[in-house]
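Have a look at the structure below before the remarks.
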Amino acid sequence: MSHIGIDNDSINRFREEKLPIKYERDLNEYYIQLSIPRSLFYNLVRNLAKLHRAFIGLRIGGIKGFENEINITLKNVEREALETMIKVISVLEKYGIDNIWYSIFINHFLAIIAAEKKFDLVLGNLPWVNVSKYPRKYSEKLKKIAKELGVNPPREAAKKLDISVILYVISAKYLLKQGGVLGLMVPASIFRGLHGSGWRSFFIEKR
74 MSHIGIDNDS
84 INRFREEKLP
94 IKYERDLNEY
104 YIQLSIPRSL
114 FYNLVRNLAK
124 LHRAFIGLRI
134 GGIKGFENEI
144 NITLKNVERE
154 ALETMIKVIS
164 VLEKYGIDNI
174 WYSIFINHFL
184 AIIAAEKKFD
194 LVLGNLPWVN
204 VSKYPRKYSE
214 KLKKIAKELG
224 VNPPREAAKK
234 LDISVILYVI
244 SAKYLLKQGG
254 VLGLMVPASI
264 FRGLHGSGWR
274 SFFIEKR
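Here the sequence shown stands for residues 74 to 280, where the numbers follow my numbering.
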């Protein structure tokens, strides 16, 4: 499932386009929710590379392009979900909001599968960005996630939370197999700064 936040100026025109708009009371935010049936991931396409090609086929040739890549005829509920996804992306691009949404959605749904498969080795160069640099609503969501993961900094260092800390823990918890190897680049400051104390505690517990 994927959420796209909507600013107040876009609500009415998106409603006119009949997009599936919802409201999150806690954040006072309207958003579009997209979901893909689990059957697409676990019953039809178990190979991540093949599923990625199928999504590219969807982008180029619609539902038929997706079906041609996996050599299976989709059920109605699966077709409807993919058609909604394409419609939402088309409207976003129509209004010039962004042209990278399709790649974002594909990566999001592939990550869901990857989290369930898990890996023996996870490597990467994480972004090093203070969460305060992001838009307020996104920043608040990141802080909430950090708190849920147990890596939020103590109050006196709260403004120094780095997104790399959050992504590191998510990778360790949801992508790495038990006994696997994790190799991720993180800023040196979290090894010694107060803002990295939650990360260090997590790291020590997992050793």
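Where is the CB? At the ideal position from N, CA and C, for every residue including glycine.
Three-way DSSP call (helix, strand, coil) for residue i in this model
{"i": "Val281", "result": "Not covered by the structure: residue 281. The range shown for the chain is 74 to 280."}
{"i": "Ile94", "result": "strand"}
{"i": "Lys148", "result": "coil"}
{"i": "Leu107", "result": "strand"}
{"i": "Lys191", "result": "coil"}
{"i": "Leu124", "result": "helix"}
{"i": "Gly169", "result": "coil"}
{"i": "Asp235", "result": "strand"}
{"i": "Gly197", "result": "strand"}
Proximity winner among the options, relative to residue i (alpha-carbon distances)
{"i": "Arg265", "options": "Gly253, Ala230, Gly256, Leu248", "result": "Ala230"}
{"i": "Phe178", "options": "Ser108, Lys167, Phe139", "result": "Ser108"}
{"i": "Leu199", "options": "Leu255, His268, Pro226", "result": "Leu255"}
{"i": "Glu166", "options": "Glu90, Asp193, Leu113", "result": "Glu90"}
{"i": "Glu189", "options": "Val161, Ile145, Gln251, Glu140", "result": "Gln251"}
{"i": "Leu240", "options": "Pro227, Val259, Arg228, Gly253", "result": "Val259"}
{"i": "Leu121", "options": "Ala187, Ala261, Arg209", "result": "Ala187"}
{"i": "Leu92", "options": "Ile105, Asn144, Val242, Lys191", "result": "Ile105"}
Element boundaries [beta strand (DSSP E), containing residue i]
{"i": "Leu257", "result": "249-258"}
Residue interval of the alpha helix (DSSP H) (run including residue i)
{"i": "Glu229", "result": "No alpha helix (DSSP H) holds Glu229; DSSP gives it neither H nor E."}
{"i": "Leu267", "result": "Note, Leu267: premise wrong, no alpha helix (DSSP H); not H, not E."}
{"i": "Ala219", "result": "209-222"}
{"i": "Asn81", "result": "81-89"}
Cβ-Cβ separation, residue j to residue i (assumed contact under 8 angstroms), whole Å
{"i": "Phe275", "j": "Gly223", "result": "7 angstroms"}
Does the pairing of the stretch 188-207 with the stretch 233-252 give three or more beta-carbon distances under 8 angstroms? Contact holds: three or more Cβ-Cβ distances are below 8 angstroms.
How about the stretch 121-129 and the stretch 179-198: do they share at least three Cβ pairs that are nearer than 8 angstroms? Contact holds: three or more Cβ-Cβ distances are below 8 angstroms.
Counting beta carbon pairs with one atom in the stretch 96-105 and one in the stretch 137-154, are three or more of them shorter than 8 angstroms? No: fewer than three Cβ pairs fall under 8 angstroms.
Under 8 angstroms, with one C-beta from each stretch per pair, do the stretch 153-173 and the stretch 212-220 reach the 3-pair mark? The stretch 153-173 makes no contact with the stretch 212-220; the number of CB pairs closer than 8 angstroms stays below 3.
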